[in-house]
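Only one structure is covered here, and it is reproduced in the block below.
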Amino acid sequence: MNLLLAVTINPLLALALVGVAVFYMLPFASAVASEKIGARIPLKSFDHDPGATTAVICSPDGGTTKRAWDLGALGLEAFGVEVRPTVIGGGGGGVVKVEIVAADDAAMSTHLTVVKDSGTVAADALNDVVFLEALASEVRQLSEELGYALRYVAARITCGHAGDEANVLYVGLNPRFSYSGLTATSIT
428 MNLLLAVTIN
438 PLLALALVGV
448 AVFYMLPFAS
458 AVASEKIGAR
468 IPLKSFDHDP
478 GATTAVICSP
488 DGGTTKRAWD
498 LGALGLEAFG
508 VEVRPTVIGG
518 GGGGVVKVEI
528 VAADDAAMST
538 HLTVVKDSGT
548 VAADALNDVV
558 FLEALASEVR
568 QLSEELGYAL
578 RYVAARITCG
588 HAGDEANVLY
598 VGLNPRFSYS
608 GLTATSIT
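Residue 428 is where the sequence shown starts when you use my numbering, and the numbers rise one by one after that.
Rendered as structure tokens:
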């Protein structure tokens, strides 16, 4: 039967057909896993326990284990870091400076270069947050100007008290390739 003829003869049939069409266009919850954010935006949270009042690359153990990201491997357009104090020591404690640094190697020891600097901050409350970001093009430009092979980036954090600690979130923007598990649950 011709659809136009069916609609003309039976308006209820027309409403039913429209209802079925709308039903199939509605989004529904699904047990199938989806990865719109996790496959496109790399996010990684780290504990930072510097054990010093000097500038320390993001580390859970006073700088022995350094948390760096490989810009080349991830193909990021930008790198961001958010630092939030979690333990604040005596007077003058908390996060007092955040930097984004780059180096030639994952150990962050060869040609360590400051890319961005927050300047002096007073993140001395648990709800305080310091955010800083740098473009991959800025890292490349510094690398070319200085004759280095800067590829790895990290947060370098200065705390006001040796007992201070912070949560550090690394954020990437527009990786070259999206893939499952780029950001994933990590329980250690």
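Glycine included, each C-beta is placed from N, C-alpha and C at the ideal position.
All values derive from a computational prediction rather than experimental measurement.
Nearest-angstrom Cα distance between arginine 511 and alanine 589?
16 angstroms
Glycine 507 - DSSP class collapsed to helix/strand/coil
strand
In whole angstroms, what separates the C-alpha of valine 447 from that of arginine 603?
Bear in mind that a pLDDT of 49 at valine 447, under 50, signals an unreliable position, so the number given afterwards is only what the model happens to contain. Distance between valine 447 and arginine 603, taken at the CA atoms: about 40 angstroms.
Less than 8 angstroms between the beta carbons of alanine 505 and leucine 573, yes or no?
no
Could you say which of Ser570, Glu592 and Pro487 lies nearest to glycine 499 if we only look at CA atoms?
Ser570
Considering only the alpha carbon of each residue, which of Val514, Ser605, Thr612 and Ala593 lies closest to glycine 673?
A question about residue 673 goes unanswered here, because the residues of the chain that appear run from 428 up to 615.
Closer than 7 angstroms by C-beta to alanine 611: which residues in its own chain qualify, once you throw out the five before and the five after it? Chain order, please.
Gly465
Rounding to the nearest angstrom, what Cα-Cα distance links arginine 494 and alanine 581 in this structure?
Arginine 494 and alanine 581: Cα-Cα distance of roughly 6 angstroms.
Please report the residue range of the alpha helix (DSSP H) in which leucine 553 lies.
Taken as a continuous stretch (DSSP letters only), leucine 553 belongs to no alpha helix (DSSP H), as it is neither H nor E.
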